[in-house]
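Engineer:
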Amino acid sequence: MRDHYDAVVVGSGYGGAVAAARLAMAGRRVCVLERGREFHPGQFPATLWAGAREFQVRAGARRWGSRTGLFELRTGDGIDVLVGCGLGGTSLINAGVAARPAPDVFDDDRWPSALRGRGGDVLAPYFARAERMLGVTAYPDGWPGLAKLDALAKAAAAAGGEMTRAPVAVSFRDGPNHVGVDQSACRLCGDCVTGCNHGAKNTVATNYLPLAVAHGAHVFCEAEARTVLPSPVGGWIVAFRAPGDGSGPSMFVRATTVVLAAGALGSTELLFRSRAAGLALSPRLGHAFSGNGNALAYAYDGDNPVRGFGLGRRDPDPRAPVGPTIAGMLHVGGGDAPAVLVEDGAVPAVLRPLIPAVLAAAGVAGGIPAAVRRVVRRLPAGLAGVFAGAGRPAQHTLMYLLVGDDPGDGRLTYGPEGLRMSSSWACDEVLSGAGAPVLRAASAALGAELVTARLSRPTSLDAPLTVHPLGGCPMGDDGATGVVDDRGRVFRGGAEAVHDGLFVLDGAIVPRPLATNPLLTITALAERAADALVGDARARPRPAAPDRAERPGLTFTDRMSGYAGPAAHAGAAEEGAAQGRADGTRIEFTVTVRLDDLPGLLEDPARPGTLAGTVTAPVLSPRRLRVVDGVFRLVQRDATRVGTWQMRYSMGLEADDGRRFRFEGTKILHGADAFGLALWSQTTTLRVAITDAGTGELVAAGLMTLTPADLARLVASMRVTGVPGRRDQAAWLARFHARFLRSLLTIYTAPLGEVGGLPATRRSVPLTGPAARPLRLPAPQARWCDGSGRWREGDELGRDAWLRLIRYRGGERGPVLLAAGFGMAATSFLLETIETNLVEHLVAGGYDVWLFDYRAGIDLPSARSSFTIDDIALRDWPTAVAEVRRVAGAGDVQAVGHCMGSATLMMALAAGLDGVRSAVCMQSTLHIASSALNHTKLALRVDRLLAAAGLRNVEPLRGPTLPNTVADLLLRAVPMPAGERCGRAICRWINAIYGCTHRHAQLDEATHDRIDDLFGVGDLAALAHIARMVRRGVAVDADGTDLYLAHPERLRLPILLLQGEHNAIFRPAGSLRTLRWLVAANGADHYERILLPGYAHLDALIGRNARHDVYPIISAHLDRHHVA
1052 MRDHYDAVVV GSGYGGAVAA ARLAMAGRRV CVLERGREFH PGQFPATLWA
1102 GAREFQVRAG ARRWGSRTGL FELRTGDGID VLVGCGLGGT SLINAGVAAR
1152 PAPDVFDDDR WPSALRGRGG DVLAPYFARA ERMLGVTAYP DGWPGLAKLD
1202 ALAKAAAAAG GEMTRAPVAV SFRDGPNHVG VDQSACRLCG DCVTGCNHGA
1252 KNTVATNYLP LAVAHGAHVF CEAEARTVLP SPVGGWIVAF RAPGDGSGPS
1302 MFVRATTVVL AAGALGSTEL LFRSRAAGLA LSPRLGHAFS GNGNALAYAY
1352 DGDNPVRGFG LGRRDPDPRA PVGPTIAGML HVGGGDAPAV LVEDGAVPAV
1402 LRPLIPAVLA AAGVAGGIPA AVRRVVRRLP AGLAGVFAGA GRPAQHTLMY
1452 LLVGDDPGDG RLTYGPEGLR MSSSWACDEV LSGAGAPVLR AASAALGAEL
1502 VTARLSRPTS LDAPLTVHPL GGCPMGDDGA TGVVDDRGRV FRGGAEAVHD
1552 GLFVLDGAIV PRPLATNPLL TITALAERAA DALVGDARAR PRPAAPDRAE
1602 RPGLTFTDRM SGYAGPAAHA GAAEEGAAQG RADGTRIEFT VTVRLDDLPG
1652 LLEDPARPGT LAGTVTAPVL SPRRLRVVDG VFRLVQRDAT RVGTWQMRYS
1702 MGLEADDGRR FRFEGTKILH GADAFGLALW SQTTTLRVAI TDAGTGELVA
1752 AGLMTLTPAD LARLVASMRV TGVPGRRDQA AWLARFHARF LRSLLTIYTA
1802 PLGEVGGLPA TRRSVPLTGP AARPLRLPAP QARWCDGSGR WREGDELGRD
1852 AWLRLIRYRG GERGPVLLAA GFGMAATSFL LETIETNLVE HLVAGGYDVW
1902 LFDYRAGIDL PSARSSFTID DIALRDWPTA VAEVRRVAGA GDVQAVGHCM
1952 GSATLMMALA AGLDGVRSAV CMQSTLHIAS SALNHTKLAL RVDRLLAAAG
2002 LRNVEPLRGP TLPNTVADLL LRAVPMPAGE RCGRAICRWI NAIYGCTHRH
2052 AQLDEATHDR IDDLFGVGDL AALAHIARMV RRGVAVDADG TDLYLAHPER
2102 LRLPILLLQG EHNAIFRPAG SLRTLRWLVA ANGADHYERI LLPGYAHLDA
2152 LIGRNARHDV YPIISAHLDR HHVA
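Position one of the sequence shown corresponds to residue 1052 (my numbering), numbered consecutively onward.
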């Protein structure tokens, strides 16, 4: 939406559509604001339930039902009104009767002098123009005979009159109409008044509005105008509610010209609100309100079938058609008696189930004898015929639709309770006047009984219902006699002066009843006013078709809302939303998404589209902000998070004072969350960060959500562009939906994993890093210990290698040993997929780093031998420490152990290991608290079961063999922490053997892809020893002896205990018990325990943010206890 238009048209019914088309054709920049939704053939209700959902009822300021319901019923004092709500206005739900009023209608003094006494002649060319544009014709000769039309003809003859076929805005041929819109021929279903689902009715959505759009008009649905007021800089400001439930803050658009065409009630109400805000208007506002003499009656249960019920979803029977809702008309009265127009009618399928009950109620109202007489007449049809809407009585009933001449003296008023309607006229005046004897005679000729009681008052006991509201802003020669002049220009007050550029062009300006259906008169008056409105401006030719063929594209409208407020950082969306909710600062946007390359999008859902629209955010500006340079991505993989995809909204925002902001919105789609049970919340929740475009400083953060109603509107707004023909458009739209669904299935079924997706081999971690990402390290110096205890240099291991040390000499600090977990290698500290690994961090700090592979290291042949954890603690650690001290010439070392590397380090120290100055013990200590899963495995004696099966060790599944595939399928049944299930077999294997070692949210995709390479063979004897310690809750030797807790004084040295708060293998309670045990024995001076928020186990070493969150803690401890 632009900030300024040449013309804003409020409403899209007959008057608004005419104004929009003529102004756009004259080259004006036009904006149409329509409060309702856009409907397409096939989207109109066809059942009672569907119709009920499309009803909205208003009584003053009170409202029930959807604000965008197709049928709007307004109740008042002495009169109720039913109008349409949607793009096309009431043209969507009327019968399309386009009759010219009788010439004497214009003899009334209430018409302005330009039309008084000669309105028929003045409007004749405009009637003709309107008839051409609306495709007005009568029911064609040669088409199937209509029973209800024949019945009306018979009734007319009996009443001394003549039935004529009604001029209706209905298409009776297939193909494009005169403005290029494809239409179908009438299916004769009888459901015109609930919306044509076959595209045959010539609503303004099939002619005037497409013409306006073809000439550049911008149309915005679900935008309810509230006020129109003069702009301080000239022109007008139209305030309207943003699309949605109508409760959002107002938006604004400026225009040189404003045309109000919201209907008799809508335009009048809008001017009442504007007058309350200071707009000078005529005191006649709200006067001359009329129901156009509408009434309803039935010729009940005649001799022959009438087929007067709409078919709804049923296929029409060519042998028994219903026809258009109205096909014929009969004029009665005249002279001294008021003229009455009688038309045949078809009950729409939406109301079909209710009619028997309505007629029964009317029978009771007619008296006991009449009711008994009707029941007796029904008995030959059986009980089904008595009560069923499809039975004889109903099918033999002709509905009369009457249009008369009421006084037109009703009033519309406005106050705190909203718009109120009042009228002294009663429909009984039509039914008991000139029409009464005619209707009785006509009904008798059909062998039917005239039923009128309360049928014209279906909404209350004392208020007639009209579908033709007129007046409220009547025409006049000046402000003392009217609200607008004969061209629809709005008077400034009670004199002749008019507001420059403010018009009303709809049924509100008609100053008296028309005694016929009013749509043609409203259209003709608007056509006449449009000539003056556009002046001598030449019509702009339609835009030429592009030289090149357009690629198929897609557009849709997206609306989201929520709260935003100040936050500490861009990722604190919840904090910003909470602050926004507390401050009452909502944030809303309505954007149009345009995807110009639909084939490309089907190949790559991350292909960008464009965004245009507005954002309302009081935290940024009291006025709406315009979207500039908006980019939309449907589904984009997030390489920084495992199993995570994003839907992205990136856009610049421009305030009316020139300030600019940057809006970044992200929907985070994570398949591991409850197997897709979070799909709805994830696909409908947008995390928002807004920064100042100039400084980059965070201004606000928050959360926005898509409601089910928003989603329904989004889907309904989808339009395929660049493709002719509805069938091809539907096919492309189906391809888009299928592609999006496939993307969601990929995301949300990823935790199940691909069956048989097992890597054949493990890739070793290079000591210097891969060519694509060389490690920022000095050349490695490797040495290993053979079976005789002799150390050898080089990185080629012998068959009897059982220890390995790899040195990266970054300086004179340290030396520091790094020991990895069980079933891993020390090279896991060298992982190149993270920006900085722990070895690089320590080397950069000047440390002499030594990677230590004890006998369980998976790169060593000894990993497949049988050993216990005691062997690692009592032999491996002392041997390695001694070798490092010897080679480095150091009196002592510092050590960092992870998992079993940590537990065995503490066990070695407790057993008397010398030469360690300080230690960092990560995740596992001398006291053990494990998960329920691990205790379950202990209770089931899984280690013994594996040993009984002849296994000496366990290792990850390698290769897509049948046994491995079966095993992987079985491992899917093992419980996993919430949100941690992924599609990788290695993660399932790790979880089953050890427990979940990492939180996926801490890893990026590249690291997750390397998990397969970090784990290998594990000795069952060693695992059995670990199981014994877990069962006991403390470190014990292989025989279960309490060897390691006897001498706590041996651990009187600086020790840092690091624990992930979400560690599911070794729970934080274990390290807390170790800390208390050490402090109780040796005092608190030497010990520190730090919990790592958001981390589990291995992710504290290889997480994407570990270099910020964890490594500085480790190096700070080492720095504090470094000895120069």
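A virtual CB, placed ideally from N, CA and C, is assigned to each residue, including glycine.
Small disclaimer: the values here were computed from a predicted structure and weren't measured.
1) Specify the secondary structure class of N1345 as computed by DSSP and reduced to three states.
2) Which residue comes first and which comes last in the beta strand (DSSP E) that contains T1735?
3) Which residues mark the beginning and the end of the alpha helix (DSSP H) in which T1567 is found?
4) Is DSSP giving Y1065 helix, strand or coil here?
5) Alpha helix (DSSP H) containing V2174: first to last residue?
6) Counting beta carbon pairs with one atom in the region 1732-1747 and one in the region 1621-1633, are three or more of them shorter than 8 Å?
7) When you compare the region 2122-2133 with the region 2097-2104, are there three or more beta-carbon pairs, one atom per stretch, that lie closer than 8 Å?
8) Where does the unbroken beta strand (DSSP E) through L1749 begin, and where does it stop?
9) When the Cα atoms are used, what is the spatial distance from I2165 to A1941?
10) Within 10 angstroms of the Cβ of G1840, are there 16 or more other Cβ atoms? Answer buried if so, exposed if not.
11) What would DSSP say about R1403, mapped onto helix, strand or coil?
12) What do you reckon, are the CB atoms on F1640 and G1664 nearer than 8 Å?
13) Taking 8 Å as the cut-off, decide whether the C-beta atoms of V1944 and V1938 are in contact.
14) Name, in chain order, the residues that DSSP records as bridge partners for P1281.
15) Within the continuous beta strand (DSSP E) that includes L2107, where are the two ends?
16) Hey, quick one: how far does the beta strand (DSSP E) through W1115 stretch, first residue to last?
17) For the region 1685-1696 against the region 2047-2064, are there 3 or more C-beta pairs whose distance is under 8 Å?
18) Taking the alpha-carbon positions, what's the G1299 to T1758 distance?
19) On the DSSP bridge list, what partners appear for C1082?
20) So, helix, strand or coil for R2083, using DSSP?
21) I'd like to confirm the pairing. Which residues does DSSP put opposite M2027 in its beta bridges?
22) Quick one: Cα of G1703 to Cα of P1617, how far?
23) Which residues in the same chain have their Cβ closer than 7 Å to the Cβ of V1244, if we skip the five residues on either side of it in sequence?
24) Do I1130 and the ligand COA come close, with the Cβ less than 7 Å from some heavy atom?
25) Can you list, in chain order, the residues of its chain with a C-beta nearer than 8 Å to that of G1139? Leave out the 5 residues immediately preceding and following it.
26) To which residues does DSSP link H1447 through a beta bridge?
27) Using the rule of at least 16 other Cβ atoms within 10 Å of the residue's Cβ for burial, across every protein chain shown, is V2087 buried or exposed?
28) To the nearest angstrom, how far is it from the Cα of L1076 to the Cα of D1609?
29) Measuring CB to CB, does T1742 end up less than 8 Å from F1712?
30) Measure the beta-carbon distance from G1627 to A1615 and round it to whole angstroms, keeping in mind my assumption that it falls under 8 Å.
31) Across which residues does DSSP place A1785 in a beta bridge pair?
32) Just reading off the beta strand (DSSP E) that Q1687 is part of, what are its end residues?
33) Do V1534 and F1554 count as a contact pair if the criterion is CB distance below 8 Å?
34) Are A1852 and S1916 touching if we call contact CB-CB under 8 Å?
35) How close, in whole Å, do the beta carbons of L1321 and V1279 come, if the pair is a contact with beta carbons under 8 Å?
36) Does the separation of the CB atoms of A1274 and L1084 fall below 8 Å?
Structural biologist: On the basis of the supplied data:
1) strand
2) Counting along the chain, T1735 falls outside any beta strand (DSSP E), though it belongs to the alpha helix (DSSP H) covering 1730-1735.
3) Here T1567 belongs to no alpha helix (DSSP H), and DSSP marks it neither H nor E.
4) helix
5) No alpha helix (DSSP H) holds V2174; DSSP gives it neither H nor E.
6) yes
7) yes
8) Start and end: 1749-1756.
9) 21 Å
10) exposed
11) helix
12) yes
13) No; because the gap between Cβ atoms is not below 8 Å, this pair is not in contact.
14) W1287
15) It spans 2106-2111 - the beta strand (DSSP E) in which L2107 sits, taken as one unbroken run.
16) W1115: member of the beta strand (DSSP E) spanning 1113-1116, first to last residue.
17) Three or more beta-carbon pairs separated by less than 8 Å link the region 1685-1696 to the region 2047-2064, which places the two stretches in contact.
18) Confidence in G1299 is poor, its pLDDT being 41 and thus under 50, which makes the residue's placement unreliable; the coordinate value appears in the next sentence. Put simply, the backbone Cα of G1299 is about 14 Å away from that of T1758.
19) V1059, H1269
20) helix
21) Paired residue(s): none; M2027 is not in a bridge.
22) 19 Å
23) I1144, N1145, A1146, T1376, P1399
24) Only the bare structure without any ligand can be found here, which leaves the ligand COA out of the picture.
25) The answer, listed in chain order, is S1063, G1064, A1068, F1090, T1254, V1255, A1256, L1260.
26) Beta-bridge pairing links H1447 to no other residue.
27) buried
28) In the sequence as presented, Leu is not what sits at residue 1076; that position holds Met. Rounded to the nearest angstrom, the two C-alpha atoms are 29 Å apart.
29) A distance below 8 Å separates the beta carbons of T1742 and F1712.
30) 5 Å
31) When DSSP reads this structure, A1785 sits in no beta bridge, so it has no partner.
32) Membership of Q1687 in the beta strand (DSSP E) is indicated by the continuous run 1676-1688.
33) Not in contact: F1554 and V1534 (Cβ atoms no closer than 8 Å).
34) no
35) 7 Å
36) yes
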